[in-house]
Each structure stands twice: as structure tokens, then as C-alpha cells.
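There are 2 protein chains.
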Amino acid sequence: MVADLVAEAELTPAVRALADPLRARIVELLATEQLCVCHLTEELAVAQPLVSHHLKVLREAGLVESDRWRYWTYYRLRPDALLTLADRLERLAASAPTDTCERRPCC
Amino acid sequence: MVADLVAEAELTPAVRALADPLRARIVELLATEQLCVCHLTEELAVAQPLVSHHLKVLREAGLVESDRWRYWTYYRLRPDALLTLADRLERLAASAPTDTCERRPCC
DNA sequence: GCAAGATATCGACCGTCATCGATATCCGGA
DNA sequence: TCCGGATATCGATGACGGTCGATATCTTGC
Numbered sequence: 000m001v002a003d004l005v006a007e008a009e010l011t012p013a014v015r016a017l018a019d020p021l022r023a024r025i026v027e028l029l030a031t032e033q034l035c036v037c038h039l040t041e042e043l044a045v046a047q048p049l050v051s052h053h054l055k056v057l058r059e060a061g062l063v064e065s066d067r068w069r070y071w072t073y074y075r076l077r078p079d080a081l082l083t084l085a086d087r088l089e090r091l092a093a094s095a096p097t098d099t100c101e102r103r104p105c106c
Numbered sequence: 000m001v002a003d004l005v006a007e008a009e010l011t012p013a014v015r016a017l018a019d020p021l022r023a024r025i026v027e028l029l030a031t032e033q034l035c036v037c038h039l040t041e042e043l044a045v046a047q048p049l050v051s052h053h054l055k056v057l058r059e060a061g062l063v064e065s066d067r068w069r070y071w072t073y074y075r076l077r078p079d080a081l082l083t084l085a086d087r088l089e090r091l092a093a094s095a096p097t098d099t100c101e102r103r104p105c106c
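Quick mapping for you: the protein sequence lines, in order, are chains A and B. Reminder that position 79 of the first sequence reads as 78 in numbering that gives the first Met the number 0, one-by-one numbering, no gaps. Reminder that position 92 of the second sequence reads as 91 in numbering that gives the first Met the number 0, one-by-one numbering, no gaps.
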């Protein structure tokens, strides 16, 4: 129980990070190949500081990691973070009661 | 491509719905058993209109469905919605490139 | 129909966050 | 060490959304 609550607390930032449409698109793009900020800026057609900001949110949520190479900072997805999230959702779905008639008496 | 974008657009509301901590707790509670609003209000220790509001968001996101019975409205999880989401995340994780060296030339 | 309980809706307030412009920091080449 | 390019940070602004109180709607029993 407590462990579940802790696990959920650790997962929430990732879900919140994915909830923004622009960040969702970034994750989609990074699911194909690792990209640097300038690629993402061009692909998303938004200002570079905005891309950096959202990448920071994704990085702090553990969804992406970065890697400097010469001038550029390459970002790539961390698949394990997505898999952890997917597993959590599957567990929730699996634990849902199948018997729709069983109801706790009310108030 | 277009189908993927559409699918993503349909999934985003569910992710956004799960991003709120109170709604996440509601989903957790409903993963155990179906509950009416008064149960949730008591369990979460918040005002009843607030619970109704969040339930509406979850319902419109397709994550829960409701069922009236006498005085009360029972809510239950829709496991298929969570599974669809989990599948989407798994696909993204699976499509992530494993070769960390392969980089598109920059700018 | 009327009253009481359960739930949903509405309006207002307020904090958070996405966005933008300007600027700082970092890196590599000359 | 100086310069230019790439990225990160900062401050301000505006909008979205969570919360609360009041109230409307719906259901059931009398």
C-alpha cells in the first residue's frame, strides 16, 4: 500500500510531463531517433527556448536523457520510463473488477 | 502517420486526465471496486462538487463510466482505456532506437 | 405533489504553467 | 583569448484549470 503510493508519486511527474501536447510530440519524435535541440526546434516550428524548457521538464521527469557532442546537445528517449508507466497502467486495468454488479452498500 | 497523429490526439485527453493527483487517486480507488460519489468524497476527504467535477473529466476522457442506482451514481473504471494507453506507451518505447551512436547530422 | 438526500452545474477566485523575448552560459575554432 | 554558434536560464505575461461556495437537477419515499 505505502509502496504503491510511493510508486504512484514517482510516476505522476512522468504522466504530467506527457500531458502537454508539445512534449508529447517531442517524445514521439525522439521515439524515432535521437535529435538535438535545433532539430526539434525546426521540426516543431517553435522558439528554441521553449524547446529547451520542455526538454528540461521531460528530463526531470526521467523520460529523456541528453548527451553533449561538440556544439550540440542530443536528446534521446528512455524507454524504461515509458515501460514502467505502461506496466503501471496495465496493473491498474488488470485489477479492475470484472463483476459490474458487486457494489459496496452506500452511505 | 496521419492515423498515428489522430490516435495520439485521442489519447492525449486520457493522459491529461491522469495527470491530476486527485484524479489519479480516484482511478486507483476505482481500480479496486466500483464506488459512488459519496464513497469517493469520504475517501478523498474533499468536497462533493469537486469529486463530481473530476469524475466528469475522467468520464469525458473515457477512463470511467457511471451507472445510476436509486439515489446513487456508481462509477467504475474502463480497463480498455488504460490498456490502450499502456499499449501506446509500449509501442513508443519499442520504437526507440537502441543504437545510441546513430545521429542525424546537425543543422 | 412535496420534502429530503445525492449528484451535477455554475460563477468566481487563484495558483500554476506554457509561452515569449532578452540574455546568460557553454563550447569549439581561429 | 576572442568570436560565433548552440543551448540554457531568467522575468514577465497570459491563459488554462483546480478549488470552493452556492445552487440547480434528479431520484425516492411519504
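The beta-carbon is built from N, C-alpha and C at its ideal position, and this holds for glycine as well. Note that this is a predicted model, so its numbers are computed, not measured.
Local conformation of Leu62 (chain B) per DSSP, three classes:
On the second sequence, residue 62 (chain B) is found 63 positions in, with the first residue counted as 1. Note: Leu62 (chain B) maps to coil in three-state DSSP.
Which residues, in order along the stretch 50 to 71 of chain A, keep a beta-carbon less than 9 Å from a beta-carbon of chain B?
Asp66, Trp68, Arg69, Tyr70, Trp71
Determine which residues of the stretch 12 to 37 of chain B have a Cβ less than 9 Å from any Cβ of chain A, and write them out in chain order.
Val14, Arg15, Ala16, Leu17, Ala18, Asp19, Pro20, Ala23, Arg24, Val26, Glu27, Leu29, Ala30, Thr31, Glu32, Gln33, Leu34, Cys35, Cys37
Counting only runs of 4+ residues fully inside the stretch 63 to 95 of chain A, write out the alpha helix (DSSP H) ranges in chain order.
78 to 94
Based on Cα-Cα distance, which residue from B:Asp86, B:Glu32, B:Ala44 lies nearest to Leu109 (chain B)?
Here chain B has residues from 0 to 106 only, and residue 109 (chain B) is not among them.
Check Cys105 (chain B) in the structure and name its three-state DSSP category.
For the purposes of this step, residue 105 (chain B) is taken as residue 106 along the second sequence, with counting starting at 1. Cys105 (chain B): coil per DSSP, three-state reduction.
Classify Leu49 (chain B): buried if its beta carbon has 16 or more other beta carbons within 10 angstroms, exposed otherwise.
Residue numbering aside, residue 49 (chain B) sits at position 50 when the second sequence is read from its first letter. Leu49 (chain B) is exposed by the Cβ-count criterion.
In the DSSP assignment, what residue or residues form a beta bridge with Cys35 (chain B)?
Here the question's residue 35 (chain B) lines up with position 36 in the second sequence. Beta-bridge pairing links Cys35 (chain B) to B:Tyr73.
How about Pro12 (chain B) and Ala60 (chain B): are their beta carbons less than 8 Å apart?
For the purposes of this step, residue 12 (chain B) is taken as residue 13 along the second sequence, with counting starting at 1. For the purposes of this step, residue 60 (chain B) is taken as residue 61 along the second sequence, with counting starting at 1. In contact: Pro12 (chain B) and Ala60 (chain B) (Cβ atoms closer than 8 Å).
How many whole angstroms separate the CB atoms of Leu84 (chain A) and Leu10 (chain A), which I take to be in contact at a CB cut-off of 8 Å?
Within the first sequence, the letter at position 85 stands for residue 84 (chain A). Within the first sequence, the letter at position 11 stands for residue 10 (chain A). Indeed they touch by this definition, with Cβ atoms about 6 Å apart.
Residues of chain B with a CB under 8 Å from the CB of Glu89 (chain A): which are they?
Position 90 of the first sequence, counted from the start, is the residue given in the question as residue 89 (chain A). Residues of chain B passing the Cβ test: Leu81, Leu82, Ala85.
Taking its Cβ as the centre, do 16 or more other Cβ atoms sit within 10 Å of His108 (chain A), making it buried, or is it exposed?
Because chain A spans 0 through 106 in this model, residue 108 (chain A) falls outside it and cannot be assessed.
Close Cβ partners of Asp66 (chain A) (< 6 Å) along its chain, the five nearest in sequence each way excluded:
As a position in the first sequence, residue 66 (chain A) is number 67, starting the count at 1. Correct list, in chain order: Tyr73.
Assuming Leu28 (chain A) contacts Arg75 (chain A) under a Cβ cut-off of 8 Å, what Cβ separation, rounded to an integer in Å, is found between them?
Sequence index remark: in the first sequence, residue 28 (chain A) carries index 29 (1-based). Sequence index remark: in the first sequence, residue 75 (chain A) carries index 76 (1-based). Wrong, their Cβ atoms sit about 11 Å apart, outside the cutoff.
Looking at Ser51 (chain A) and Val36 (chain A), is the spacing between their C-beta atoms short of 8 Å?
The residue given as residue 36 (chain A) occupies position 37 in the first sequence. The residue given as residue 51 (chain A) occupies position 52 in the first sequence. Yes, they are a contact pair.
Show which residues of chain A have a CB atom less than 9 Å away from the CB atom of Ala44 (chain B).
Looking up residue 44 (chain B) in the second sequence gives position 45. The contacting residues do not exist; Ala44 (chain B) stays about 15 Å from chain A at best.
Could you tell me the distance, in whole angstroms, from the CA atom of Ala23 (chain A) to the CA atom of Ala16 (chain B)?
Within the first sequence, the letter at position 24 stands for residue 23 (chain A). Within the second sequence, the letter at position 17 stands for residue 16 (chain B). Between Ala23 (chain A) and Ala16 (chain B), the C-alpha separation is close to 14 Å.
Report yes if the C-beta distance between Glu32 (chain A) and Arg103 (chain B) is below 8 Å; otherwise report no.
Looking up residue 32 (chain A) in the first sequence gives position 33. Looking up residue 103 (chain B) in the second sequence gives position 104. A contact, by the Cβ cut-off of 8 Å.
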